[in-house]
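Asks: Following this message is one structure expressed as structure tokens.
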Amino acid sequence: MSAYEFILTANTDGIFALTLRRPPLNVLHLPMMAEMNTALEAAIADPCIAAIVIRAEGKAFCAGVDVADHAADRVGDMIAQFHGIFRKMAATDALTIAAVQGAALGGGCELAIFCDVVLASDRAKLGQPEVQVGVFPPVAASILPFRVGLGHATELTALGTVIDATEAARIGLVNRVLPADEFDTRIDEYLGQVRRLSRPVLRMAKRATHLAAREQVLAHLERAERLYLDELMKLADAHEGISAFLEKRPPNWKHA
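Positions 576 to 831 (the numbering used here) are the ones given, in order, by the sequence shown.
Laid out in structure tokens, this is it:
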């Protein structure tokens, strides 16, 4: 077991578990993201790991990145830390699995849907509501077209739609919906399938499946990241949306 402050890690029988533990909402802030990057760096360096499982304590899987870290003086560091997590996830041949027991919103949704497999409780909700605070989700914009097609991806990113687990499964965003009262047991059963397989063969099968998509997603992410930092953050509305959220008031959009 690990000794991090905001996450827990464990490596057992080829399964590396990373648990978010900043309940109840597991909002990601810079120190927590730094810990996740450190933990994932170790995980992806280990060729004996068959799967990386991201779980969470509390009622929510993750409510996203701390809005305060989107401020002009922190947004560069936030993007570097946050997107570092996904670049590491994209680099591993281990199967990545999200166990989504509750709400996964904003950056929390991105963290879940970037995984190869999303297992969701029937109480879970997923969505990208960033547009409501004047920004957009670069990671979701990069991975969603591959997961659900361009139409559903556009609704989720450009309209900020939040959907339940059943609808998420219908459009291909979630692999399986599991009963909330059996969630931990069903996750363990799923991981049992992983444990019964040859680790190097599983890793090679994933690598073969992702050969083309991996390069395309990372190239898309780099371009979306530049759009976010170089163009979005120059808009008055981006800063107005963030300020309005922090001040708990409706935004006054300038449309500029």
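Each residue gets a CB set at the ideal place from its N, CA and C atoms; glycine is no exception.
Who does C637 pair with in a DSSP beta bridge?
Replies: In DSSP, C637 forms a bridge with A679.
Asks: Is the beta carbon of V749 less than 8 Å from the beta carbon of A674?
Replies: no
Asks: Cβ of T732 within 8 Å of Cβ of F711?
Replies: yes
Asks: Is S773 buried or exposed, if buried means 16 or more other CB atoms sit within 10 Å of its CB?
Replies: A residue is called buried once 16 or more other Cβ atoms fall within 10 Å of its Cβ, and S773, having fewer, is exposed.
Asks: Going along the chain, which residues of its own chain have a beta-carbon closer than 6 Å to the beta-carbon of M608, five neighbours each way excluded?
Replies: Q656, F657
Asks: Starting from L766, trace the beta strand (DSSP E) both ways and give me its first and last residue.
Replies: For L766, no beta strand (DSSP E) encloses it; the enclosing alpha helix (DSSP H) starts and ends at 758 to 770.
Asks: Are the Cβ atoms of I817 and V708 separated by less than 8 Å?
Replies: yes
Asks: Could you tell me which of A740, D668, L793 sits nearest to A715, measuring between CA atoms?
Replies: Closest by alpha carbon: L793.
Asks: Output yes or no for whether 8 Å exceeds the beta carbon distance between G683 and C637.
Replies: yes
Asks: Which whole-angstrom value describes the C-beta separation of Q676 and F758, a residue pair presumed to lie in contact below a C-beta threshold of 8 Å?
Replies: 6 Å
Asks: Residue range of the alpha helix (DSSP H) that L777 falls in?
Replies: 774 to 805
Asks: On the CB-based measure, 16 or more other CB atoms within 10 Å of its CB, does K781 come out buried or exposed?
Replies: buried
Asks: In three-state DSSP terms, what is V752?
Replies: strand
Asks: Just tell me which of L725, D668, P720, A799 has its CA closest to the CA of V776.
Replies: Considering only alpha carbons, the answer is D668.
Asks: For a test of the three-state rule: what should DSSP assign to K663, helix, strand or coil?
Replies: helix
Asks: If N612 sits next to I582, beta carbons under 8 Å apart, how far is it from one beta carbon to the other, in whole angstroms?
Replies: With 8 Å as the limit, N612 and I582 do not qualify as a contact, their Cβ atoms being about 11 Å apart.
Asks: Helix, strand or coil, according to DSSP, for D588 in the structure here?
Replies: It is coil, neither helix nor strand.
Asks: Taking 6 Å as the limit between beta carbons, can you name the residues of its chain near G639, skipping five residues before and five after?
Replies: L680, G681, G682, G683
Asks: Rounding to the nearest angstrom, what Cα-Cα distance links V723 and E742 in this structure?
Replies: 12 Å
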